[in-house]
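Notes follow once the structure below has been shown.
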Amino acid sequence: MRLAVVPVTAFQQNCSVLWDPATKRAAVVDPGGDLDRVLAVVEREGVTLEKILLTHAHIDHAGATAELARRCGLPIEGPHEGDRFWIEALAEQGRMFGLPSEGAFEPTRWLRDGDTLTVGSLTLDVRHCPGHTPGHVVFFHAPSRVAIVGDVLFAGSIGRTDFVGGDHDTLIRSIRERLFPLGDDVTFLPGHGPTSTFGRERRTNPYVSDAAVSM
174 MRLAVVPVTA
184 FQQNCSVLWD
194 PATKRAAVVD
204 PGGDLDRVLA
214 VVEREGVTLE
224 KILLTHAHID
234 HAGATAELAR
244 RCGLPIEGPH
254 EGDRFWIEAL
264 AEQGRMFGLP
274 SEGAFEPTRW
284 LRDGDTLTVG
294 SLTLDVRHCP
304 GHTPGHVVFF
314 HAPSRVAIVG
324 DVLFAGSIGR
334 TDFVGGDHDT
344 LIRSIRERLF
354 PLGDDVTFLP
364 GHGPTSTFGR
374 ERRTNPYVSD
384 AAVSM
């Protein structure tokens with residue numbers, strides 16, 4: 174699996190272009206905005222887009238989804254249906270944060286925990302990890318030992334839980350029970366900021382480390 178990260182919007186959200194090097198088929202993960210920059214990466218790498226993947230439906234992750242789907246004729250997979258109300262509120266979110274958006278859309282496929290999805294010949298596992306939003310999902314490519322975790326977990330921090338539908342205890346359980354068991358060696362791309370590994374965060378993250386959880 175290959176991955177190119179494109180920070181987008183004023184929130185510097187880690188949108189990414191994910192592709193299968195064997196088939197050059199690709200997906201855009203979390204197109205929050207700045208589509209011309211994202212599509213420039215697609216052109217540079219010579220890949221063919223086949224779908225859009227969404228971890229959750231906050232504006233900085235999903236604001237340009239409807240436009241990208243329309244412009245490129247792409248299906249949308251994700252997030253979990255628990256985020257339907259966030260999708261329906263995208264236009265309002267855009268006005269609130271000053272980010273352009275064509276607004277709501279209907280995903281081609283809602284995702285659930287335990288689902289798999291494909292990009293070219295790649296198969297990714299889906300983990301439903303609520304807490305930041307009710308419908309947040311994570312994408313894991315086991316052969317590469319790479320996960321795309323959106324705003325569930327960050328290097329040294331965790332996702333906010335003060336938005337509508339957020340819940341701190343649920344988020345901690347998602348991280349401890351659905352992400353860390355994937356393995357300490359897994360590198361993850363968060364929704365913002367640098368990559369890290371589950372092992373590093375399990376040992377050192379002040380919110381979810383072994384020491385923090387046992388206190």
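With my numbering applied, the sequence shown has no gaps in its numbers, which climb one by one up to 388 at the end. No residue lacks a Cβ here, since even glycine has one placed at the ideal position from N, Cα and C. No experiment lies behind these values; they were computed from the predicted model shown.
Just so you know, the alpha carbons of Ser382 and Ile345 end up roughly 10 Å apart. Comparing alpha carbon positions, the residue from Arg285, Asp256 and Glu223 closest to Leu241 is Glu223. Between Ser274 and Leu284 the beta-carbon gap is near 21 Å, outside 8 Å, which marks them as no contact. Pairing Gly339 with Pro354, the inter-Cα distance amounts to about 23 Å.
Nearest in C-alpha terms to Asp233, of all of Gly271, Ser294 and Arg198, is Gly271. Looking only at Thr296, Pro316 and Asp324, the smallest Cα-Cα distance to Gly304 is reached by Asp324.
DSSP places Thr306 in no beta strand (DSSP E); its state is neither H nor E. Closest in C-alpha terms to Gly329, from the list Asp286, Thr377 and Gln266, comes Thr377. Rounded to the nearest whole angstrom, the C-alpha separation of Gly332 and Pro194 is 31 Å. Under DSSP, Cys188 forms a beta bridge with Val179.
If you ignore the 5 residues before and after Gly219, its C-beta comes within less than 8 Å of the C-beta of Lys197, all in its own chain and listed in chain order. The beta carbon of Val214 sits closer than 7 Å to those of Ala177, Val179 and Val190, all from its chain and outside the five residues before and after it, given in chain order. Under the DSSP definition of a beta bridge, Glu250 partners with Leu226 and Arg282. Setting aside the 5 residues that flank it on each side, Met269 has no residue in the same chain whose C-beta is closer than 6 Å to its C-beta. Here the alpha carbons of Ala384 and Gly205 stand approximately 35 Å from one another.
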